[in-house]
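In the working numbering, the protein residues as written are 258 to 355.
Beta carbons: idealized from backbone N, C-alpha and C, even for Gly.
All values reported here derive from a predicted model rather than from experimental measurement.
Taking it in order: structure first as structure tokens, then the write-up.
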């Protein structure tokens, strides 16, 4: 979850902290209004290898990715802006592994 916060900061997304929000409540409030955009965002996060796994665990954990999806959808107005921010996250993640 700390990695999700780090990537959020690198992409300059102004959104509440992952530790301060209930994502299930946010998703329930949004309903199906932007469901297509959320699906596209989720797919792009996975395609760009922004899969966050807790230290010592090999399985992907959905909560940080769901948080990034909501933050991107909430802070970015267009699909192009979301793509640009995901590219920044992917570059930051790649640079941190070196």
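Pairwise C-alpha distance: residue j and residue i
i	j	result
residue 339	residue 330	7 Å
residue 341	residue 283	23 Å
residue 345	residue 303	14 Å
Buried or exposed (CB count within 10 angstroms, at least 16 for buried), residue i
i	result
residue 261	buried
residue 285	exposed
residue 266	exposed
residue 321	buried
residue 333	buried
residue 300	exposed
residue 323	buried
Nearest-angstrom beta carbon gap, residue j and residue i [assumed within contact, 8 Å]
i	j	result
residue 264	residue 327	Going by Cβ atoms, the distance from residue 264 to residue 327 rounds to 13 Å, so no, they are not a contact pair.
residue 287	residue 347	So it is not a contact: roughly 25 Å between Cβ atoms.
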